[in-house]
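*Asks:*
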Amino acid sequence: MTIAVTGATGFVGQAMLDEAARLGIPVRALTRKPQKPRKGVEWVKGDLASAKALAALVKGTEAVIHVAGVVNTPDPVQFEIGNVAGTLAVVEATLKAGVPRFIQVSSLSAREPGLSAYGKSKRRAEKIVKASALDWTIVRPPAIYGPRDTDMFELFRAARWGVVPVPEDGAASMIHVADLASLLFALVPSGEDVTYKVFEPDDGRKGGWPHKEMARAIGEAVGRKVLTPGLSKPMLLRAAALDALFRGAKAKLTIDRVNYMSHPDWVCARSKAPPKSRWTPRIDTREGLKATATWYRENKWL
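Residue numbers (the working numbering): 269 to 570.
1. In chain order, what residues of the same chain have a beta carbon less than 7 angstroms from the beta carbon of Y564, not counting five sequence neighbours either side?
2. Does the Cβ-Cβ distance between L448 and V295 come in under 8 angstroms?
3. For the segment 361 to 372 against the segment 382 to 402, do three or more pairs of beta-carbon atoms, one drawn from each stretch, fall closer than 8 angstroms, so that the two count as touching?
4. Please classify W563: does DSSP put it in a helix, a strand, or coil?
5. Which residue's Cα is closest to the Cα of R574: K465, A454, A508?
6. If I'm right that P549 touches G472 with Cβ under 8 angstroms, what's the distance once you round it to whole angstroms?
7. Ordered along the chain, which non-local residues of its own chain (more than five positions away) have a Cβ less than 6 angstroms from that of A385?
8. Exposed or buried, what is Q372 when buried is set at 16 or more other beta-carbons lying within 10 Å of its beta-carbon?
9. Relative to the C-alpha of V397, which residue among R428, S377, A361 is closest?
10. Inspect the beta-carbon positions of L557 and I443 and report whether they are closer than 8 angstroms.
11. In three-state terms, what does DSSP make of L631?
12. Can you tell me whether F467 is buried or exposed, with buried defined as 16 or more other CB within 10 angstroms of its CB?
13. Just to confirm before moving on: does the CB-CB distance between A559 and V490 stay below 8 angstroms?
14. Return the first residue and the last residue of the alpha helix (DSSP H) that H531 is part of.
15. Report the option in S374, Y413, G382 whose CA atom is closest to the CA atom of K395.
16. Return the Cβ separation of V446 and E287 in integer angstroms, given the expectation that the two are a contact with Cβ distance under 8 angstroms.
17. Given this structure, state the Cα-to-Cα distance separating T270 from P302, to the nearest angstrom.
18. Could you give the distance in angstroms between the alpha-carbon of W534 and the alpha-carbon of K501?
19. Of the residues R416, L499, P381, S377, which one's Cα is nearest the Cα of P433?
20. Cα separation between K480 and V407?
21. Can you tell me whether K480 is helix, strand or coil according to DSSP?
22. In whole angstroms, what is the alpha-carbon distance linking P457 and P435?
23. Provide the residue(s) that pair with Y413 in DSSP beta bridges, ordered along the chain.
24. By DSSP, does K313 sit in helix, in strand, or in coil?
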């Protein structure tokens, strides 16, 4: 059994390779750059724009797990290229190869596509998958954290200085990247319990994490009691302008992300939880945050 994986060199993808190694599952993974040999991984050089590379990636595999995509960019067109056109290309390659099983990693933002260009692109990608003849399952993760993550890292770094600004209202669900990876592999066998369904997995905490409580938990993880000033949308927009001024195209807080963050409800729906017979989260979030902070320190990020 070989599983094809896109986005294997990214944050979620690296966790998937770790999980595949733990399970003893061979993986064929797409990469744009040369990679060091890794046991159990067959690297295929190319990207989502290369039909030849995608054909080589999916040929003879049991399932395709599509993780790759554009998460953050100041240019909305890049969301369309990476998330919409990219998904279409992978779906077409999967169909041509006769691989029936397809798992799409979407985002909770697809639930509210009118709020951000990112969410709109992820919803459009979902529609492509749903319209296909594939045996599909869609997974909409909430906020993902864990080792190697560069986005949540910004909050850990802020916590080290004792101040973690957050949106003034609302709550969000969370999931550790290792739990997400284990779910994706648990969904590979098709069945009525998972086929043609959309799942919103999280850490199991009912009602999610109010933003300030999440910030305080991150503070605890780095050993600091933190202040958690609530920022209104106008204040977040000003912060985004400053981030763009200082970091340019590498800015983490874009206007698109402000529109997303300002929505008060990013809590996963209980009705869309994955079946417990397949998967349940293993990692307590407070402990997971502490372990993530330790990883950041050991790797000289903090």
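All C-beta atoms in this analysis are idealised placements derived from N, C-alpha and C, irrespective of residue type, glycine included.
*Replies:* Judging by the given coordinates:
1. F421, F424, L570
2. For L448 and V295, no; Cβs fall outside 8 angstroms.
3. yes
4. helix
5. Residue 574 falls outside the range modelled here, since the chain spans only 269 to 570, and no answer is possible.
6. 5 angstroms
7. P344, F347, D524
8. Counting other Cβ atoms within 10 Å of its Cβ, Q372 reaches 16 or more and is therefore classed as buried.
9. A361
10. no
11. The shown model of the chain, from 269 to 570, leaves out residue 631, and the question about it has no answer.
12. buried
13. no
14. It is not in any alpha helix (DSSP H) - H531 carries neither H nor E in the DSSP assignment.
15. S374
16. It is Ala, not Val, that sits at residue 446 in the sequence shown. About 7 angstroms separates the Cβ atoms of A446 and E287, confirming a contact at the 8 angstroms cut-off.
17. Their Cα atoms are separated by approximately 21 angstroms.
18. Distance between the alpha carbons of W534 and K501: 16 angstroms.
19. L499
20. 26 angstroms
21. helix
22. 39 angstroms
23. H444
24. strand
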